[in-house]
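Below you'll find the structure, written out as structure tokens, and then a few comments.
Number of protein chains: 4
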Amino acid sequence: MRQLPSVSLDEAREIIAAGENKAREVGQPANIAVVDAGGNLVAHARMDGAWIGSIDISINKAFTARAFDTQTGDLADNAQPGSQFFGIHVSNRGRVMVFAGGIPLQRDGQVVGAVGVSGGTGEQDQAIAEAAVAAFRPEG
Amino acid sequence: MRQLPSVSLDEAREIIAAGENKAREVGQPANIAVVDAGGNLVAHARMDGAWIGSIDISINKAFTARAFDTQTGDLADNAQPGSQFFGIHVSNRGRVMVFAGGIPLQRDGQVVGAVGVSGGTGEQDQAIAEAAVAAFRPEG
Amino acid sequence: MRQLPSVSLDEAREIIAAGENKAREVGQPANIAVVDAGGNLVAHARMDGAWIGSIDISINKAFTARAFDTQTGDLADNAQPGSQFFGIHVSNRGRVMVFAGGIPLQRDGQVVGAVGVSGGTGEQDQAIAEAAVAAFRPEG
Amino acid sequence: MRQLPSVSLDEAREIIAAGENKAREVGQPANIAVVDAGGNLVAHARMDGAWIGSIDISINKAFTARAFDTQTGDLADNAQPGSQFFGIHVSNRGRVMVFAGGIPLQRDGQVVGAVGVSGGTGEQDQAIAEAAVAAFRPEG
Numbered sequence: 008m009r010q011l012p013s014v015s016l017d018e019a020r021e022i023i024a025a026g027e028n029k030a031r032e033v034g035q036p037a038n039i040a041v042v043d044a045g046g047n048l049v050a051h052a053r054m055d056g057a058w059i060g061s062i063d064i065s066i067n068k069a070f071t072a073r074a075f076d077t078q079t080g081d082l083a084d085n086a087q088p089g090s091q092f093f094g095i096h097v098s099n100r101g102r103v104m105v106f107a108g109g110i111p112l113q114r115d116g117q118v119v120g121a122v123g124v125s126g127g128t129g130e131q132d133q134a135i136a137e138a139a140v141a142a143f144r145p146e147g
Numbered sequence: 008m009r010q011l012p013s014v015s016l017d018e019a020r021e022i023i024a025a026g027e028n029k030a031r032e033v034g035q036p037a038n039i040a041v042v043d044a045g046g047n048l049v050a051h052a053r054m055d056g057a058w059i060g061s062i063d064i065s066i067n068k069a070f071t072a073r074a075f076d077t078q079t080g081d082l083a084d085n086a087q088p089g090s091q092f093f094g095i096h097v098s099n100r101g102r103v104m105v106f107a108g109g110i111p112l113q114r115d116g117q118v119v120g121a122v123g124v125s126g127g128t129g130e131q132d133q134a135i136a137e138a139a140v141a142a143f144r145p146e147g
Numbered sequence: 008m009r010q011l012p013s014v015s016l017d018e019a020r021e022i023i024a025a026g027e028n029k030a031r032e033v034g035q036p037a038n039i040a041v042v043d044a045g046g047n048l049v050a051h052a053r054m055d056g057a058w059i060g061s062i063d064i065s066i067n068k069a070f071t072a073r074a075f076d077t078q079t080g081d082l083a084d085n086a087q088p089g090s091q092f093f094g095i096h097v098s099n100r101g102r103v104m105v106f107a108g109g110i111p112l113q114r115d116g117q118v119v120g121a122v123g124v125s126g127g128t129g130e131q132d133q134a135i136a137e138a139a140v141a142a143f144r145p146e147g
Numbered sequence: 008m009r010q011l012p013s014v015s016l017d018e019a020r021e022i023i024a025a026g027e028n029k030a031r032e033v034g035q036p037a038n039i040a041v042v043d044a045g046g047n048l049v050a051h052a053r054m055d056g057a058w059i060g061s062i063d064i065s066i067n068k069a070f071t072a073r074a075f076d077t078q079t080g081d082l083a084d085n086a087q088p089g090s091q092f093f094g095i096h097v098s099n100r101g102r103v104m105v106f107a108g109g110i111p112l113q114r115d116g117q118v119v120g121a122v123g124v125s126g127g128t129g130e131q132d133q134a135i136a137e138a139a140v141a142a143f144r145p146e147g
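If you read the sequences in order, they're chains B, S, X and L.
The numbering of the first sequence is the numbering used here, which starts it at 8 and goes up by one.
The numbering of the second sequence is the numbering used here, which starts it at 8 and goes up by one.
The numbering of the third sequence is the numbering used here, which starts it at 8 and goes up by one.
The numbering of the fourth sequence is the numbering used here, which starts it at 8 and goes up by one.
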């Protein structure tokens, strides 16, 4: 048997709330999604005025960050033409997002889920995702 | 010009919270989703322990209820073999859910969004969806 | 935090081996798949001569059994025309299999994964899946 | 009439076992998949802790290596922008993986299947795939 520690709905909401606060500070409404250790959606919120095309992207950035235990912004570097993972963006039925805004949630050195943000520039999405993750208490 | 009155994120959250309360009362954790007037996801929550197969279903029950301005439980009657809409469940790339748990959100006689619930029996999902909708104030 | 106890690769292999033994006894080569607590594939085996169309079905029967914490044969009853979940088979991007052969793996009252079998009649698939699950030790 | 010499389940398991040994040596858990002469999955294993996003990739690297009778790492060179096969990665419904880790299985000069590995860097995946293929006896 393996144990997969995983984020709860209450924790997902704290994470999203922190992301929303940052999004308001940045002045860019966003979609924010949290997936659990299995890569499955726990919660999603689209702030009023945020792009509808970003619903799917936020959920799949979170999926990607958990699917490969990596920040999607780091995956971006490896997914460019000529790089080692070029082409990975068509795998997993189009669910792999290879640009900034997805970050794994870790506790005690294990990935327990991930957050995905989409709604603005890569820089804005990343900043909001980082603020969201920072709300996740690192200790059990 | 047209105006599309639509549910806000704050309202979606109140709707979901009311659904969660009912789910706890019923003793059945559920996925609850709210879409706006455009049929696009505003917010989703999966209660701890709720089925992962119901993530997609809750979101698409809400989509369906807004897509056809009908309760999905009512659509069910018309989607059976021999009925007038049999086959509708394969339209819209598999997003049309033809069983109970999706209900339009109305205000001033207009559909402004919808809620979708999935996690238990059809009866449970419907009861939770009704409790969720009841939290939506009928007046502007 | 939530804890998701989940089946390991070693356990998945014991489960598949038991299924293969039963398939040989039944005289019907089969595809056998095991998913973890997150519904994600852990291991798959197609016995020589088993249907290639059953690769996808075995994997998705396992997914379905975990996605709804139910035997796919039980879901079948509820997915028929006129029943409460008619239409569920088009949800989840075509991954929901509503006929016998998928069974959840449980330990200490929790679903920790699932097995899916496809290759013969519903009765054969179910018998093989039951033999596979029986190889999963119920205690931690 | 044609004969399609093809890898058996027993052989697929030896190939996967050899890949797992290499993965342990490399210190990188991986997904390992084997397809037959028809490009259809024979067996798959996800080592404990390996990426869930790599399930699909390992299976499709194996598919790709058989689909074009080429190493996916070699296909990569031809799939870059400006190269002769740029765009091939969106063919076959997203099943063509154009980065290292997929290798055809050959016997008596014929391709009889392929192996696909995903779980680490391109270099790691390729090394594991090579070790897996090396376990396949070149003579009949």
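Yeah, the Cβ is synthetic: ideal placement off N, Cα and C, and Gly gets one too.
This structure is a prediction, so every number in the text was calculated from the model and none was measured.
For residue 135(B), same chain residues with a beta-carbon under 6 Å away, outside a window of 5 residues either side, are 26, 29, 30, 37 and 124 in chain order. When beta bridges are read from the DSSP output, residue 124(X) appears opposite 39(X). Per the DSSP secondary-structure output, residue 52(X) pairs in a beta bridge with 39(X) and 50(L).
In the three-state DSSP reduction, residue 73(S) falls in the helix class (H, G or I). Flagged as an interface residue toward chain B: residue 44(X), by a C-beta distance shorter than 9 Å. The stretch 52 to 68 of chain S and the stretch 89 to 98 of chain S do not touch, with fewer than three beta-carbon pairs separated by less than 8 Å.
When the alpha-carbon of residue 112(L) is set against those of 34(L), 52(L), 138(L) and 88(L), the nearest one is in 138(L). Taken atom to atom, the span from the alpha-carbon of residue 108(L) to that of residue 63(L) is near 13 Å. Here residue 102(S) has 67 and 70 as same chain residues with Cβ atoms under 6 Å from its own Cβ, once five neighbours each way along the sequence are excluded. With the criterion set as a beta carbon lying under 8 Å from some beta carbon of chain X, the members of the stretch 52 to 69 of chain L are 52, 53, 54, 55, 59 and 62, in sequence order. Residues of the stretch 90 to 119 of chain B that bring their beta carbon within less than 8 Å of a beta carbon in chain X comprise 100, 114 and 119, in sequence order. Against chain S, the CB of residue 76(X) has a partner CB under 9 Å away; the residue lies at that interface.
Non-local C-beta neighbours of residue 129(S) in its own chain, meaning closer than 8 Å and more than five positions away in sequence, comprise 80, 106, 107 and 108, ordered along the chain.
With respect to residue 122(X), residue 140(X) sits close: the two C-beta atoms are nearer than 9 Å. Per DSSP, the unbroken beta strand (DSSP E) holding residue 113(B) starts and ends at 109 to 114.
DSSP places residue 100(L) outside any beta strand (DSSP E), giving it a letter other than H or E.
One finds 10, 11, 12, 13, 43, 44 and 45 in chain B with Cβ atoms closer than 8 Å to the Cβ of residue 11(X), taken in chain order. Bridge partners of residue 13(X) according to DSSP: 9(B). Take the alpha-carbon of residue 49(L) and the one of residue 12(X): they are about 28 Å apart. With at least 16 other beta carbons inside 10 angstroms of its own, residue 18(B) counts as buried.
Taking the beta carbon of residue 49(B) as reference, the chain S residues within 8 Å of it are 52 and 53, listed in sequence order. For residue 34(X), there is no enclosing alpha helix (DSSP H), as DSSP gives it neither H nor E. In the displayed model, residue 105(B) falls within coil according to three-state DSSP, outside both helix and strand. Going by beta carbons, residue 120(X) and residue 52(X) fall outside the 9 Å limit. For residue 135(B), the enclosing alpha helix (DSSP H) covers residues 129 to 141. Interface residue (Cβ-Cβ distance to chain S less than 9 Å): residue 79(X) is not classified as such. In the DSSP assignment, residue 118(S) forms a beta bridge with 113(S). It is roughly 31 Å from the alpha-carbon of residue 14(S) to the alpha-carbon of residue 100(B). Distance between residue 85(L) and residue 76(L), taken at the CA atoms: about 14 Å.
Our two residues, residue 10(S) and residue 41(S), have alpha carbons roughly 20 Å apart in a direct line. Separation of residue 34(B) and residue 73(B) (C-alpha to C-alpha, rounded to the nearest whole angstrom) is 27 Å. Rounded to the nearest whole angstrom, the CA to CA distance from residue 90(X) to residue 104(S) is 13 Å.
Interface residue (Cβ-Cβ distance to chain X less than 9 Å): residue 21(B) is not classified as such. Here residue 133(L) is actually not in contact with residue 88(B); their C-beta atoms are around 19 Å apart, not less than 8 Å. Closest in alpha carbon position to residue 142(S), among 47(S), 110(S), 131(S) and 127(S), is 110(S). Contact between residue 65(S) and residue 39(S) holds, with the beta-carbon distance rounding to 6 Å and staying under 8 Å.
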